[in-house]
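In terms of my numbering, the sequence shown opens at residue 75 and continues consecutively. Notes follow the structure.
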Amino acid sequence: MKKLTKLTVLLLALVMVLSLCACGGSDNAGKALIGTWGLECDLADAMAEELGSDYEDFHAPLKLTILFDFNEDGSYKMYIEEGSFTDSFNSWMDAFIVYSVDMMYDVFEDSYGLSKEDADALVLESYGMSMEEYMREEMSAAIDINDLVREMESSGTYETKGDKLYLAEGSSKIDPSYYDIFTVNGNKLTLELPEGADPSEAEIVPGLSYPLELDKR
Numbered sequence: 075m076k077k078l079t080k081l082t083v084l085l086l087a088l089v090m091v092l093s094l095c096a097c098g099g100s101d102n103a104g105k106a107l108i109g110t111w112g113l114e115c116d117l118a119d120a121m122a123e124e125l126g127s128d129y130e131d132f133h134a135p136l137k138l139t140i141l142f143d144f145n146e147d148g149s150y151k152m153y154i155e156e157g158s159f160t161d162s163f164n165s166w167m168d169a170f171i172v173y174s175v176d177m178m179y180d181v182f183e184d185s186y187g188l189s190k191e192d193a194d195a196l197v198l199e200s201y202g203m204s205m206e207e208y209m210r211e212e213m214s215a216a217i218d219i220n221d222l223v224r225e226m227e228s229s230g231t232y233e234t235k236g237d238k239l240y241l242a243e244g245s246s247k248i249d250p251s252y253y254d255i256f257t258v259n260g261n262k263l264t265l266e267l268p269e270g271a272d273p274s275e276a277e278i279v280p281g282l283s284y285p286l287e288l289d290k291r
């Protein structure tokens, strides 16, 4: 089940990109940022790409909401909306298990000539559990949802200069050459790549690309 660990890597990479995408006290334009903003995305396409050809027919939504708190003191916090992500992850896991169990039955039949009933009996004899129970145990060992949510939290400082937004994670200093262009229009925050940026940087992961649109919470 090593492929399952790619979910952890993928989610952490997504959060790291978003936490560094915009990295420099804030001016008057930056005051519009103060508050909580949410970005919703579906990692189904990204996971499909990471899981490879064995799962090319597997499609299940894996949605998460990334929240940004921009505070008046120039600090920020980025974190996952835990409840909705946990629900989506559990639904994705259920669908993944069903697909994987069916795939394992096919392997037993094609490679060993075993029927579904014979495969169940073999797994039960070897592991003391059903095929589905075995798959759930493997997945639980590969990914701890609570640890994953905690690892995806980050905080630091932010600054704005005109329409440029800079973030610096932790105690890091702001890099004046690394920023996003931001626009606040009512309850909508839009982040865009700077002019002249490499177009290949627009895609963060499959299914999530610039411009990024966040809603006020």
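C-beta: ideal position from N, C-alpha, C; glycine also.
In the displayed model, Lys105 falls within a helix according to three-state DSSP. DSSP places Leu196 inside the alpha helix (DSSP H), whose first and last residues are 190-201.
Counting other Cβ atoms within 10 Å of its Cβ, Ile108 stays below 16 and is therefore classed as exposed.
The beta carbon of Glu183 is closer than 8 Å to those of Ser189, Lys190, Ala193 in its chain, skipping five residues each way along the sequence. Looking from the CA of Met177, the closest CA among Lys290, Asn164, Glu130, Thr82 belongs to Glu130. Counting only unbroken stretches of 3 or more residues, the beta strand (DSSP E) elements lying wholly within the region 127-174 are 137-144, 149-154, in sequence order.
Remark: C-beta atoms of Glu124 and Leu92 do not approach each other more closely than 8 Å. Cβ neighbours of Phe159 within its own chain (closer than 6 Å, five residues either side excluded): Leu138.
Judged by DSSP secondary structure, Asn220 falls outside any beta strand (DSSP E) and instead within the alpha helix (DSSP H) spanning 219-225. The DSSP-derived three-state label of Glu287 is strand.
Taking a cut-off of 8 Å on C-beta distances, the region 223-237 touches the region 146-163, as three or more cross pairs fall below it. A direct Cα-Cα distance of roughly 33 Å separates Glu287 from Asp128.
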